[in-house]
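Written below as structure tokens is the structure these notes are about.
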Amino acid sequence: MRRSRIRRLACAAALALGAALLSPAVPSAAAADPYQVLVFSKTSGFRHDSIPAGITAIQQLGEAHDFTVTATEDATAFTPQNLAAYEAVVFLSTTGDVLNGSQQDALKGYVDGGGGFVGVHAAADTEYDWPEYEDLVGAWFRSHPAIQEARLTTEDHVHPATAHLDDTWTRTDEWYNYRSNPRADVHVLQSLDESSYSGGEMAGDHPITWCHEQQDGRSFYTGLGHTTESFADPDFRQLLLGGIQYAAGAVEADCSSTGDPDPGPGGDSAEAEAYTSSSGVQTAPHAAASGGATLGYIDDGDWAGYASLDTAGATTFTARVSSAGAGGTIEVRDGSATGRLLGSVDVTPTGGWDTFTEVTTPLTAGTGPLFLRFTGGAGALFDVDRFTLTRVPAAEDEGSSDVHLFYYPWYGTPEGPAGSWRHWQQGGHTPPASVGADLYPKLGPYDSGDIAGAVDQHMEWVRRSGAGVIVSSWWGQGSYEDGLAAGLLDAAARHGIEVAWHIEPYTGRTAASVVDDIAYLEAKFGDHPAFYRDAAHGDRNAYYVFESLRIQDWSALDAVKDTAIVLAQTTDTGKVAHFGGLYTYDGIAGATAPGWKNAGDYAKANGLVWAPSVAPGYIDDRAVPGNTTPTLGRADGASYDRQWNNALDPAIGGDPTWVSVTSFNEWHEGSSIEPAASDPPPGHGYETFEGAYGKTGAAAETAYLDRTAYWTDRFEERRG
Numbered sequence: 079m080r081r082s083r084i085r086r087l088a089c090a091a092a093l094a095l096g097a098a099l100l101s102p103a104v105p106s107a108a109a110a111d112p113y114q115v116l117v118f119s120k121t122s123g124f125r126h127d128s129i130p131a132g133i134t135a136i137q138q139l140g141e142a143h144d145f146t147v148t149a150t151e152d153a154t155a156f157t158p159q160n161l162a163a164y165e166a167v168v169f170l171s172t173t174g175d176v177l178n179g180s181q182q183d184a185l186k187g188y189v190d191g192g193g194g195f196v197g198v199h200a201a202a203d204t205e206y207d208w209p210e211y212e213d214l215v216g217a218w219f220r221s222h223p224a225i226q227e228a229r230l231t232t233e234d235h236v237h238p239a240t241a242h243l244d245d246t247w248t249r250t251d252e253w254y255n256y257r258s259n260p261r262a263d264v265h266v267l268q269s270l271d272e273s274s275y276s277g278g279e280m281a282g283d284h285p286i287t288w289c290h291e292q293q294d295g296r297s298f299y300t301g302l303g304h305t306t307e308s309f310a311d312p313d314f315r316q317l318l319l320g321g322i323q324y325a326a327g328a329v330e331a332d333c334s335s336t337g338d339p340d341p342g343p344g345g346d347s348a349e350a351e352a353y354t355s356s357s358g359v360q361t362a363p364h365a366a367a368s369g370g371a372t373l374g375y376i377d378d379g380d381w382a383g384y385a386s387l388d389t390a391g392a393t394t395f396t397a398r399v400s401s402a403g404a405g406g407t408i409e410v411r412d413g414s415a416t417g418r419l420l421g422s423v424d425v426t427p428t429g430g431w432d433t434f435t436e437v438t439t440p441l442t443a444g445t446g447p448l449f450l451r452f453t454g455g456a457g458a459l460f461d462v463d464r465f466t467l468t469r470v471p472a473a474e475d476e477g478s479s480d481v482h483l484f485y486y487p488w489y490g491t492p493e494g495p496a497g498s499w500r501h502w503q504q505g506g507h508t509p510p511a512s513v514g515a516d517l518y519p520k521l522g523p524y525d526s527g528d529i530a531g532a533v534d535q536h537m538e539w540v541r542r543s544g545a546g547v548i549v550s551s552w553w554g555q556g557s558y559e560d561g562l563a564a565g566l567l568d569a570a571a572r573h574g575i576e577v578a579w580h581i582e583p584y585t586g587r588t589a590a591s592v593v594d595d596i597a598y599l600e601a602k603f604g605d606h607p608a609f610y611r612d613a614a615h616g617d618r619n620a621y622y623v624f625e626s627l628r629i630q631d632w633s634a635l636d637a638v639k640d641t642a643i644v645l646a647q648t649t650d651t652g653k654v655a656h657f658g659g660l661y662t663y664d665g666i667a668g669a670t671a672p673g674w675k676n677a678g679d680y681a682k683a684n685g686l687v688w689a690p691s692v693a694p695g696y697i698d699d700r701a702v703p704g705n706t707t708p709t710l711g712r713a714d715g716a717s718y719d720r721q722w723n724n725a726l727d728p729a730i731g732g733d734p735t736w737v738s739v740t741s742f743n744e745w746h747e748g749s750s751i752e753p754a755a756s757d758p759p760p761g762h763g764y765e766t767f768e769g770a771y772g773k774t775g776a777a778a779e780t781a782y783l784d785r786t787a788y789w790t791d792r793f794e795e796r797r798g
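Just so you know, the working numbering puts 338 at position 260 of the sequence shown, and the rest follows in order with no gaps.
So, in structure tokens, the structure goes:
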């Protein structure tokens with residue numbers, strides 16, 4: 079069955095065609111065909127003060143855009159006969175159970191048959207006893223933090239609801255968290271940047287406005303609209319108008335599914351009580367629990383299985399738990415309740431069944447469905463509320479050739495090729511417990527010559543970050559780093575990583591010596607499969623020249639311009655003659671991006687590579703005692719996100735060719751994304767990644783690798 083507007087448009091088109099045969103000057107009336115919209119605002123839970131302002135705004139939009147509005151809180155309006163008069167139904171901050179069974183059937187039949195549905199804000203906090211409603215609205219409300227300012231990212235610049243918006247939009251509202259991520263089933267129009275506010279709980283992938291096809295009908299939802307002020311905001315009113323027009327069929331729009339949720343930080347989350355098989359456990363109602371219930375009545379030896387959750391690629395298990403009982407252990411198993419043990423975590427009593435805490439454990443990746451087995455003493459042990467499997471981020475097999483991580487192969491130990499501590503003791507420290515860094519590496523103070531151990535693990539982590547290129551620090555021919563280069567290339571090749579070069583200010587460095595260095599590296603390693611060449615720029619290899627401004631005349635570089643891309647470390651476009659590109663390296667400047675837009679514009683206009691550098695932070699207090707240089711704290715990941723946002727915003731970052739990351743493993747400057755130990759040697763004042771992107775303990779150790787993969791995906795999408 080087709081809805082009435084579709085039929086009217088067809089009739090109008092037929093009439094217009096007939097009129098055109100008689101008089102070509104008569105235009106089609108289809109575009110101006112008026113229609114009706116039903117606005118429904120019944121509440122049986124919380125009632126929003128903004129509802130009257132919302133009704134008025136929609137009425138005003140209708141007057142200006144040729145649709146009439148009927149506002150009601152009478153659920154008896156939901157009959158097939160009555161709904162047939164409307165092209166769209168708007169649920170304006172409805173809450174709770176507002177429709178009976180026959181009314182639910184009428185709404186479902188109306189939309190499935192070609193009608194339109196628009197959900198605004200608390201429409202997601204509605205009809206929890208009707209499973210089909212979750213499919214209609216897209217996701218159910220879970221929680222929200224305090225009203226505050228946040229930054230939204232526009233993911234679709236074509237849809238009429240969001241075509242008027244810039245790439246980012248900062249505004250104040252009440253930001254909903256949802257019980258599930260709808261991205262796999264809807265077309266996401268806007269998402270929230272969880273680093274821009276406090277209280278986001280969707281692991282970095284937070285859709286907030288979306289649309290989708292519902293059989294023959296159309297559905298649109300936005301989580302915006304809590305405040306009365308929203309409905310006076312012209313940008314929000316345009317968003318609301320575009321959603322209504324799409325749902326009513328008045329305009330065409332692509333609302334096909336966006337696809338699976340981002341694999342970047344986060345993973346698969348589930349309510350623990352949503353098991354598909356079990357022994358001994360039951361659902362236990364708890365008002366303080368997510369979804370109002372937990373997996374409860376757990377005794378020693380009980381278990382629960384989750385057929386839809388695969389353990390493949392899972393690296394961490396995190397669960398929200400409570401216990402007024404004996405406590406015990408959660409065993410994470412692969413394929414069955416007696417399957418391979420992937421990890422386990424202890425649950426201690428929390429003091430009450432409604433007093434929750436979070437526990438986490440790293441996992442060995444499995445291959446089959448997830449099973450949780452519970453062990454402990456006598457009687458009730460604990461309850462499990464909600465849990466998350468964090469997965470290795472999906473990245474292209476070879477990583478992104480446009481994201482480059484600065485890498486430092488200059489560390490040594492007494493047992494390694496250097497025969498003594500190298501770099502770790504900077505600042506007067508005594509390794510291995512005390513090193514010149516504010517963070518302590520997950521691997522401890524390692525040797526850069528340990529190719530099969532530390533370096534191979536590094537390349538695995540680089541692969542996880544989504545970056546496809548490392549830029550290896552190189553201090554000249556015959557240097558310590560030069561001697562390790564062959565092994566580094568071999569390790570990189572095993573993991574599909576390529577190697578470019580960071581030419582440091584070694585003693586006697588000149589423009590001519592750099593040209594000689596390029597010839598040397600090309601001759602020695604140019605045939606290696608891991609030797610980086612940029613296919614988009616004539617298969618030229620790449621050399622970043624650190625502190626390039628120490629040398630005034632770089633004209634010697636003209637001899638290699640056809641075979642190599644040599645980047646100057648500057649944004650001063652008057653200092654890049656003879657170079658093939660620019661980069662910044664500075665781990666602090668990216669927070670404000672001084673000169674980035676001008677440098678990017680200049681590079682584009684002159685056929686140069688622009689590779690601004692982003693960093694998660696910069697703190698070198700332990701490596702440089704008494705240092706007065708400014709530092710930049712990580713702010714639980716907000717600093718890194720701010721720099722990436724600056725780089726990818728064309729109005730700030732100048733549309734980069736590549737993005738360089740400072741750095742994979744520079745511990746002295748505190749800029750590393752390499753995993754830092756969550757339990758460093760005590761008594762030395764080390765920081766950790768605790769709290770980064772909401773992660774804790776072992777899960778936080780890889781937070782910056784995973785966030786790099788997230789931003790790498792965003793960069794590739796933008797370039798695509």
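Idealized CB from N, CA, C, for every residue including glycine.
- A contact is defined here as three or more CB-CB pairs under 8 Å, and the stretch 752-761 fails this definition with respect to the stretch 696-705.
- DSSP places L317 in the uninterrupted alpha helix (DSSP H) bounded by 312-326.
- DSSP, reduced to helix, strand and coil, places G406 within a strand of the structure shown.
- DSSP places V359 outside both helix and strand once states are collapsed to three, so it counts as coil.
- Shown here, P209 sits in a helix according to DSSP, grouped into three states.
- Unbroken alpha helix (DSSP H) stretches of 4 residues or longer found wholly inside the stretch 710-762: 716-726, 728-731, given in chain order.
- D283 is the residue among W218, G192, D283 whose C-alpha sits nearest the C-alpha of W789.
- Where Y598 is concerned, there is no enclosing beta strand (DSSP E), although the alpha helix (DSSP H) around it starts and stops at 589-603.
- Take L419, set aside five residues on each side of it, and the residues of its chain with a beta-carbon closer than 7 Å to its own are E409, R411, in chain order.
- Looking at the DSSP output, V423 bridges to I408.
- For H222, no beta strand (DSSP E) run applies, since DSSP gives it neither H nor E.
- Taking a cut-off of 8 Å for Cβ pairs, the stretch 147-160 and the stretch 108-122 touch, as three or more such pairs fall below it.
- For the pair of segments examined, the stretch 363-372 was found not to touch the stretch 733-747: the number of CB pairs separated by less than 8 Å stays below three.
- Distance check between G659 and each of I730, V549, T735, G731 places T735 closest, using alpha-carbon atoms only.
- 7 Å or more divides the Cβ of G187 from the Cβ of G295.
- In the three-state reduction of the DSSP assignment, R792 falls in the helix class.
- Residue range 534-543 is occupied by the alpha helix (DSSP H) that includes W539, with no beta strand (DSSP E) assigned at that position.
- With contact defined as three or more Cβ pairs closer than 8 Å, the stretch 693-702 and the stretch 492-507 are in contact.
- Rounded to whole angstroms, the Cβ separation of A725 and V692 is 5 Å, and the two are in contact under 8 Å.
- Taking a contact to require three or more Cβ pairs closer than 8 Å, the stretch 574-584 and the stretch 508-523 do not qualify as touching.
- Fewer than three beta-carbon pairs drawn from the stretch 662-670 and the stretch 486-494 are found closer than 8 Å, and the two stretches are therefore not classed as touching.
- At a cut-off of 3 residues, not a single continuous stretch assigned as beta strand (DSSP E) sits fully inside the stretch 554-580.
- When rounded, the separation of the alpha-carbon atoms in A729 and V638 is 32 Å.
- Per the DSSP secondary-structure output, C289 pairs in a beta bridge with H265, F298.
- Under the three-state reduction of DSSP output, I629 falls in the coil class, being neither helix nor strand.
- In the same chain as G544, and ignoring 5 residues on each side of it, the C-beta atoms closer than 7 Å to its own belong to P471, A473, G477, S478, V481, T786, A787, T790, D791, in chain order.
- As computed with DSSP, R785 is found in no beta bridge at all.
- Shown here for T287: same chain residues with a beta carbon closer than 6 Å to its own, the five before and five after excluded, namely L267, Q268, T300 in chain order.
- DSSP lists no beta-bridge partner residue for R700.
- Residues of the same chain with a CB within less than 8 Å of the CB of A142, apart from the 5 flanking positions on each side, do not exist.
- For the pair of segments examined, the stretch 201-212 was found to touch the stretch 163-176: the number of CB pairs separated by less than 8 Å reaches three.
- The stretch 441-453 makes contact with the stretch 387-395, as at least three CB pairs between them are under 8 Å.
- Per DSSP, V196 is one residue of the beta strand (DSSP E) stretching across 194-198.
- Between Y256 and R229, the gap from beta carbon to beta carbon reaches 7 Å or more.
- For the pair of segments examined, the stretch 516-532 was found not to touch the stretch 588-597: the number of CB pairs separated by less than 8 Å stays below three.
- With a beta-carbon spacing of about 6 Å, V264 and S335 fall inside the 8 Å limit used to define contacts.
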